[in-house]
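Worksheet for the structure shown next.
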Amino acid sequence: MSVKDSSLKDSGIGLSEATTADFFALLKPRVMALAVFTAFVGLVVAPSGLNPIIAVIAIGAIAVGAGAAGALNMWYDADIDALMSRTSKRPVPSGRVTAGEALSFGLVLSALSVMTLGVLVGWLAASLLAFTIFFYVVIYTMWLKRSTPQNIVIGGAAGALPPVIGWAAATGQIGIESLVLFLVIFLWTPPHFWALALFKIGDYEAAGIPMMPNVAGQASTKRQILIYALLLAPIGVLPWPLGFASGFYAAASTALGGGFIWHAWKVLAAPDQEMRPARTLFAYSIFYLFAIFAMLLTDTVVMRATAAN
710 MSVKDSSLKD SGIGLSEATT ADFFALLKPR VMALAVFTAF VGLVVAPSGL NPIIAVIAIG
770 AIAVGAGAAG ALNMWYDADI DALMSRTSKR PVPSGRVTAG EALSFGLVLS ALSVMTLGVL
830 VGWLAASLLA FTIFFYVVIY TMWLKRSTPQ NIVIGGAAGA LPPVIGWAAA TGQIGIESLV
890 LFLVIFLWTP PHFWALALFK IGDYEAAGIP MMPNVAGQAS TKRQILIYAL LLAPIGVLPW
950 PLGFASGFYA AASTALGGGF IWHAWKVLAA PDQEMRPART LFAYSIFYLF AIFAMLLTDT
1010 VVMRATAAN
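So the mapping is simple: the working numbering equals the position in the sequence shown, first residue as 1, plus 709.
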């Protein structure tokens, strides 16, 4: 019997001795931080400002919703998490939190986040948040992740929606600008996770997850990483020609995109047994996304301050 089967068998019986830290870990705080940050940028970049109190409520609800999705993901994936070194110490496979607790925790937080966002901010943003949770948990976690090497490509839509939710919270609509931010994250996701999959190929093989290197091979994965890098680099510059970023942002985002392409090329050129370029690309990809959004945020604040003077 798998970890998941045995956990589900006892999911409605008894309680664990989980600590607050264990439940916090269920929220996938690093993933949640990325969702919160990109949603905040979407909210700030939007032309219609929010009352600061409402803005805090919106970001808080988005954070809780992102954490809820993480908890439900950990509940469902406990069996395969137990088989991978990167995830085996998570709260559910390690036994610190029961499957029933994780499921209940995730469902309660999901309902709370969506209702709070809908009642206090706006129902378009709340609907997008609900869809994001559904897409991540049901479409990606329960279906795509275990059935296709395109799991990250399609499933990446869930991680790309937070800036759209932030924009919708501020404006009550979806603008072309927010869709550009969506596209940046959407195109960033495959090379980011495929770089990880290259140096964690044994973990995914042991868990039976059809990640691209395990199915198509390393050479094909490396070529696709470079293709996505080539697509991502110009999209990252788009805020400038669309008029919601300055020339400074254009220059900086161009340099960052060039760096992404360079690291992707280094991955392609490396022998299969050499994992250092993939590790470097994985780390750079995290830096790239935070830097792009941080620069856009700073650029917006500076431009508005300059215009006000």
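A virtual CB, placed ideally from N, CA and C, is assigned to each residue, including glycine.
Here residue 938 is not near residue 858, since their CB atoms are 9 Å or more apart. Per DSSP, residue 873 is one residue of the alpha helix (DSSP H) stretching across 871-880. Contact check for residue 754 against residue 1006 passes: the beta carbons are separated by less than 9 Å.
Under the Cβ criterion (8 Å, minimum of three pairs), the region 765-776 counts as touching the region 836-844. With fewer than 16 other Cβ atoms inside 10 Å of its own Cβ, residue 943 counts as exposed.
For residue 918, no alpha helix (DSSP H) segment is defined, and its DSSP state is neither H nor E. As the crow flies, the alpha-carbon of residue 945 is around 35 Å from that of residue 787.
Taking the C-beta atoms as reference points, residue 981 is found nearer than 9 Å to residue 928.
Taking C-alpha positions only, residue 730 is separated from residue 803 by approximately 14 Å. Non-local C-beta neighbours of residue 781 in its own chain, meaning closer than 6 Å and more than five positions away in sequence, comprise 815, 846, ordered along the chain.
DSSP places residue 854 in the helix class (H, G or I) of the three-state scheme.
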